[in-house]
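Colleague:
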Amino acid sequence: MEFKDGRLMLPHGVSYEAIVLPERTDIPLPVLAKLETLVRDGATLLGPRPSRDTSLADYPRCDEQVKSIAARIWGPANGGETAERSCGKGRVIADRYRVRDMLQQRGIGPDFAYRSSGKPADLDYIHRRTPDADIYFVSNTQMEEAEADCTFRVPPHLPQLWHPDTGAIEPCTDYARVPGGMKLKLRLPPAGSVFVVFSGTAPAAAPAPVAEDEGKPPAPLEITGPWEVRFPANLGAPPSRVFDQLVSWTTIPDDGVKYFSGTATYLKEFEVPASLVAGDRRLELSLGQLRNVADATLNGKPLGILWKPPYTYDVTGLVRSGSNELKIEITNLWANRLVGDAKLPREQRVTRITQKVPIDGPHDSGLFGPVQLREGKRSN
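If you read the sequence shown in this note's numbering, its first letter stands for residue 1, the second for the next number, and so on.
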């Protein structure tokens, strides 16, 4: 690391405004020596004065060297703690918690901030910069939908939304220039995430959203009736079972199913009216609710793996008029089998573990639905 052009620079291009030390009194001696060089070159350092080395190598001389360098950076220890002082071309602030004040004094706001008007959101993010773009990865840490007004500390560049689970890229039509960056609204599904990519010059006002096509969409086609569910061999469950309706495996009065852990396959044939596949409408297959992971195939075409809500697939062009075949593989957690085995004699258990693990359960598992074929929204 070096101090260059007013910032702390790493060799691969990442730069920082200041260094903040942890709230502790020990520090590696080589690190402290490097910090002195950076501060004298112009860097800002926030944090408490260290008093000893982290190792015992060359003890007690190593601690004396730490105290000597600290005195040059923070000032004499016996003169009382100085809240802020200059050191070479740089600046030292003894209180590490003043970093926000220091940044605000320099006119630097948060790199990313958000506010929810309704239920509080909990978003996490990471920011990378290329020569042509600022790239933010924003994730919803909760298993509930999140909506928030987000402010990104970037120049007035045009935002795009890149969806990591589908690969879809769509323009953002709900943004505004604000002091210190760009503001836009994000709507994320439970455990959802998105890349927000800023590149090119954004106009002063966002383009008007494309109006939704008028007209009432056709009613969803719910796939009802019995499902054949097949279980793998040697995992305690029967080879197959017919589910008259979609329920959790834990509600079935068969311990082999109730405590099953692994992948079960749901098979279903269903009829689709010609009116639903007519025209150029986008069709979506919704699995409703499930636990925990789904991997589906429609008419022999793999649809992919779903691990978070909403459990939906784009099946445009894959659905045909008349008979269709649907296969859904559902995988749950290992906990259920462990709970079931704990109730059995050792010789009857399906799994083998080296020690007892306290596990609650069984946990809801399987496909709950409703499984529906419906018209989906088209991207702008």
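Note that the Cβ used here is the ideal one computed from N, Cα and C, for glycine as well. Computed from a prediction, not measured in an experiment: that's the story for all the values here.
1) What is the rounded straight-line gap between the Cα of SER86 and the Cα of ASP111?
2) Given the structure, does ILE359 come close to the ligand SAH, in the sense that its CB is under 7 Å from one of the ligand's heavy atoms?
3) May I ask you to list the residues that DSSP assigns as paired with GLU284?
4) Could you please give me the residues that DSSP links to TYR59 through a beta bridge?
5) Quick check: LEU38 and VAL20, are their CB atoms within less than 8 Å of each other?
6) Compare the C-alpha of PRO217 against each of ALA121, GLN348, PRO239, LEU283 and name the closest.
7) What does the Cβ neighbour count give for THR44, buried or exposed, with the cut at 16 atoms within 10 Å?
8) Quick check: the stretch 118-126 against the stretch 161-174, are there 3 or more CB pairs under 8 Å?
9) If you draw a straight line from the C-alpha of HIS157 to the C-alpha of ASP132, how long is it?
10) Closer than 7 Å by C-beta to GLY256: which residues in its own chain qualify, once you throw out the five before and the five after it? Chain order, please.
11) On the criterion of 16 or more Cβ atoms from any shown chain inside 10 Å, does MET143 qualify as buried, or is it exposed?
12) Report the partner residues of TYR16 according to the DSSP bridge assignment.
13) Classify LYS381 as buried or exposed, calling it buried when 16 or more other Cβ atoms lie within 10 Å of its own Cβ.
14) Please report the residue range of the alpha helix (DSSP H) in which THR382 lies.
15) So, helix, strand or coil for GLU144, using DSSP?
16) Between which residues of its own chain and GLN289 is the CB-CB distance below 6 Å, once the five residues before and five after are set aside?
17) With C-beta atoms as the reference, is LEU285 less than 8 Å away from LEU298?
18) In the structure shown, what three-state DSSP assignment does ASN380 receive?
19) Check whether the stretch 348-360 touches the stretch 306-321, taking contact to mean three or more Cβ pairs, one atom from each stretch, closer than 8 Å.
20) Note down, in chain order, each residue of its chain lying with its Cβ closer than 6 Å to the Cβ of GLU222, except the 5 sequence neighbours on either side.
21) Check whether the stretch 48-59 touches the stretch 15-29, counting contact only when three or more Cβ pairs, one atom from each stretch, lie closer than 8 Å.
22) For ASP134, is the classification buried or exposed, using 16 other Cβ atoms within 10 angstroms of its Cβ as the cut-off for buried?
Modeller: The short version:
1) Sequence index remark: in the sequence shown, residue 86 carries index 86 (1-based). Sequence index remark: in the sequence shown, residue 111 carries index 111 (1-based). Each residue's Cα considered, the two are about 27 Å apart.
2) This structure lacks the ligand SAH, and indeed carries no ligand of any kind.
3) Start at 1 with the first residue of the sequence shown, and residue 284 comes out as number 284. Note: GLU284 sits in a beta bridge opposite ASP314, ARG374.
4) The residue labelled residue 59 in the question sits at position 59 within the sequence shown. Bridge partners of TYR59: none, in fact.
5) Reading the sequence shown from its first residue, position 38 is the one you call residue 38. Reading the sequence shown from its first residue, position 20 is the one you call residue 20. Taking 8 Å as the Cβ cut-off, LEU38 and VAL20 do not qualify as a contacting pair.
6) In the sequence shown, the residue the question calls residue 217 occupies position 217. Of the candidates ALA121, GLN348, PRO239, LEU283, the one whose C-alpha sits nearest the C-alpha of PRO217 is LEU283.
7) On the sequence shown, residue 44 is found 44 positions in, with the first residue counted as 1. Buried: at least 16 other Cβ atoms inside 10 Å.
8) By the Cβ rule, the stretch 118-126 does not count as touching the stretch 161-174, because fewer than three pairs are nearer than 8 Å.
9) The sequence position of residue 157 within the sequence shown is 157, counting from 1. The sequence position of residue 132 within the sequence shown is 132, counting from 1. In a straight line, the C-alpha of HIS157 is about 10 Å away from that of ASP132.
10) The residue you call residue 256 lines up with position 256 of the sequence shown. If we look at GLY256 and ignore the five residues flanking it on each side, its Cβ neighbours are GLY236, ALA237, PRO238.
11) Taking the sequence shown and counting its residues from 1, one reaches residue 143 at position 143. Label assigned to MET143: exposed.
12) Residue mapping note: residue 16 aligns to position 16 of the sequence shown, counting from 1. Looking at the DSSP assignment, TYR16 forms a beta bridge with LEU8.
13) No answer is possible for residue 381: it lies beyond the span of the chain, which begins at 1 and ends at 380.
14) In the structure displayed, the chain extends from 1 to 380; residue 382 sits before or after that span and is not available.
15) Along the sequence shown, one-based indexing puts residue 144 at 144. Of the three classes helix, strand and coil, the one that applies to GLU144 here is coil, per DSSP.
16) One-based indexing of the sequence shown puts residue 289 at position 289. So the list reads PHE368, once near-sequence residues are dropped.
17) As a working mapping, residue 285 is identified with position 285 in the sequence shown. As a working mapping, residue 298 is identified with position 298 in the sequence shown. Going by C-beta atoms, LEU285 is nearer than 8 Å to LEU298.
18) Indexing the sequence shown from 1 puts residue 380 at position 380. Low local confidence applies: a pLDDT of 44 at ASN380 is under 50, so the model's placement there is unreliable, and no value is given.
19) no
20) For the purposes of this step, residue 222 is identified with residue 222 of the sequence shown, where counting begins at 1. For GLU222, the CB contacts under 6 Å within the same chain, skipping 5 residues up- and downstream, are PRO370, GLN372 in chain order.
21) yes
22) Mapped onto the sequence shown, residue 134 falls at position 134. So ASP134 ends up on the buried side.
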